[in-house]
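Quick notes on the structure that follows.
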Amino acid sequence: MERKGNILTALIWGTLIGILLWMSLLGWLDILFGK
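Going by full-length UniProt numbering, the final residue of the sequence shown carries number 35, and the count climbs one at a time with no gaps.
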């Protein structure tokens with residue numbers, strides 16, 4: 001049960017970090033090529 005919770009936590013954090021990285025990447029692309 002504890003291990004399952006750890007996996008779920010890791011998935012949630014991985015998703016959040018992935019979204020943040022993707023948003024920052026899109027922001028940089030918009031700054032670089034949006035002019």
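Cβ atoms here follow ideal geometry from the backbone N, Cα and C, with glycine treated the same way.
First through last residue of the alpha helix (DSSP H) which encompasses residue i
i, result
"G14", "2 to 33"
Cβ-heavy atom distance, residue i to the ligand SAM, below 7 Å
i, result
"T15", "Judged by which ligands are present, the structure shown has none, so any question about the ligand SAM falls away."
Other residues of its chain near residue i: CB distance less than 8 Å, five sequence neighbours each side excluded
i, result
"R3", "none"
"I7", "none"
7 Å CB neighbourhood of residue i in its chain, flanking five on each side removed
i, result
"L25", "none"
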